[in-house]
């Protein structure tokens, strides 16, 4: 008599469950796909575009202000046209995306590290420390982010590193408030009380027990803030106080073609603006879906 051995059901890891829930939204999947393509194009810019737009030896002034689809003197087609210096707009946009993504991601990571440290300390220490930190956060959030960034860049000067510092200084308060709210809820739970009764070091309690349970809302805020940092950097570069000319971003590309809009040469500003819009929308779609997936109240 043969016996049938039933197979144990496969255990679904939290990551697989998160991916399955995320994939249910087609718009989020489309946004993720677009975002992956943008990141890959920025990382491998030198291999995916026909021209290094900031190598003067590759530029031909005779190809300046050519309409999209025109054939240049070098033998290749300028699918998005050229600017007044003969720079291929497709190549310039891809290289500009590299700078914009670099500034947005690095500034967000720095702001996240600072905000998490400050907010976690405020929630765990409580009383006067919490009150002081939250008053500083409230004061900063009461001012427009663009105003603080403009003041800092006026003091620091131009440069990619200066823009990163300015954006990180603007954003850290969002993370401090977010993690402080989550940490206050987690601090009242029994596992924190048990860790304190075991006389574990405060640093270990915060980093090994409290922080991991506060990560879901931080991931969502960080994703959305990357888009906000990219948009803010583009605004600063458009105003002429952001990155230098040697490392242009999408904001500077938009600014360089703004004067030609009324003369009919729309492509110099239009296509960088569309690239910026698509990037921000893709990041926001991913962030909104992550918010729905990571928030237990929204899961059914």
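Residue numbers (the working numbering): 68 to 367. Just so you know, even glycine gets a beta-carbon here, dropped at the ideal spot from N, CA and C.
Where residue 267 sits in the DSSP three-state scheme: Looking up residue 267 in the chain shown gives position 200. Three-state DSSP puts residue 267 in coil, outside helix and strand.
Pair within 7 Å by beta-carbon distance, residue 175 and residue 349: Taking the first residue of the chain shown as 1, we reach residue 175 at position 108. Taking the first residue of the chain shown as 1, we reach residue 349 at position 282. It is not a contact, given that the beta carbons lie outside the stated cut-off.
On a Cα-Cα basis, can you pick out the residue from 265, 185, 222, 238 that is closest to residue 209? What you label residue 209 is simply residue 142 of the chain shown in a count that begins at 1. If we check each option's Cα against that of residue 209, 238 comes out closest.
Contacts around residue 115, its chain only, beta-carbon distance under 6 Å, and the 5 residues preceding and following it disregarded: Taking the first residue of the chain shown as position 1, residue 115 is located at position 48. Once the five neighbours on either side are set aside, the close Cβ partners of residue 115 are 108.
For residue 229, count neighbouring C-beta atoms within 10 Å of its own C-beta (all shown protein chains included) and say buried if the count is 16 or more, exposed if not. Taking the chain shown and counting its residues from 1, one reaches residue 229 at position 162. The residue is buried, with at least 16 neighbouring Cβ atoms inside 10 Å.
Of all the beta strand (DSSP E) runs that stay within the bounds of the segment 198-239, which reach a length of 3 or more residues? none
Can you grab the Cα-Cα spacing for the pair residue 367 / residue 353, in whole Å? To locate residue 367, count along the chain shown from 1; it is residue 300. To locate residue 353, count along the chain shown from 1; it is residue 286. Low per-residue confidence applies at residue 367: pLDDT is 46, beneath 50, and the placement is therefore not dependable, though the value from the model is reported in the following sentence. Whole-angstrom Cα-Cα distance: 19 Å.
Span of the alpha helix (DSSP H) holding residue 159? Numbered from its first residue, the chain shown carries residue 159 at position 92. That run of the alpha helix (DSSP H) goes 156-192.
Could you tell me which of 327, 89, 101, 126 sits nearest to residue 346, measuring between CA atoms? Translated into positions along the chain shown, residue 346 becomes position 279. Ranking 327, 89, 101, 126 by Cα distance to residue 346 puts 101 first.
Verify whether the separation of the beta carbon atoms of residue 316 and residue 166 is less than 7 Å. For the purposes of this step, residue 316 is taken as the residue at position 249 of the chain shown. For the purposes of this step, residue 166 is taken as the residue at position 99 of the chain shown. Yes.
Boundaries (first-last residue) of the alpha helix (DSSP H) holding residue 295: For the purposes of this step, residue 295 is taken as the residue at position 228 of the chain shown. Counting along the chain, the alpha helix (DSSP H) containing residue 295 begins and ends at 282-305.
CB contact flag (residue 358, residue 89, <7 Å): Numbered from 1 along the chain shown, position 291 holds the residue referred to as residue 358. Numbered from 1 along the chain shown, position 22 holds the residue referred to as residue 89. No, the pair does not count as a contact, with Cβ atoms beyond the cut-off.
Would the beta-carbon of residue 170 fall within 7 Å of that of residue 300? Taking the chain shown and counting its residues from 1, the one referred to as residue 170 is at position 103. Taking the chain shown and counting its residues from 1, the one referred to as residue 300 is at position 233. In contact: residue 170 and residue 300 (Cβ atoms closer than 7 Å).
If we require 4 or more residues per run, which alpha helix (DSSP H) segments fall completely within the segment 94-141? 112-115
In angstroms, rounded to a whole number, what distance separates the CA positions of residue 285 and residue 140? Here residue 285 refers to the residue found at position 218 of the chain shown. Here residue 140 refers to the residue found at position 73 of the chain shown. Looking at the two C-alpha atoms, the distance is approximately 51 Å.
Per DSSP, what are the beta-bridge partners of residue 346 in this structure? Translated into the one-based positions of the chain shown, residue 346 becomes position 279. Paired residues: none, contrary to the question.
Residue 145 by DSSP, collapsed to three states: which one? Working through the chain shown from its first residue, we reach residue 145 at position 78. Residue 145 falls in the strand class under three-state DSSP.
Going along the chain, which residues of its own chain have a beta-carbon closer than 8 Å to the beta-carbon of residue 313, five neighbours each way excluded? What you label residue 313 is simply residue 246 of the chain shown in a count that begins at 1. Hits under 8 Å: 121.
Could you compute how far the alpha carbon of residue 216 sits from the alpha carbon of residue 234? Translated into the one-based positions of the chain shown, residue 216 becomes position 149. Translated into the one-based positions of the chain shown, residue 234 becomes position 167. Distance between the alpha carbons of residue 216 and residue 234: 7 Å.
For residue 324, the first and last residue of its enclosing alpha helix (DSSP H): Residue mapping note: residue 324 aligns to position 257 of the chain shown, counting from 1. Element bounds for residue 324: 317-325.
Report all residues from its chain with a CB closer than 6 Å to the CB of residue 128; omit the five preceding and five following residues, and keep chain order. Taking the chain shown and counting its residues from 1, the one referred to as residue 128 is at position 61. Excluding residues within five positions, the ones whose Cβ falls inside 6 Å are 153.
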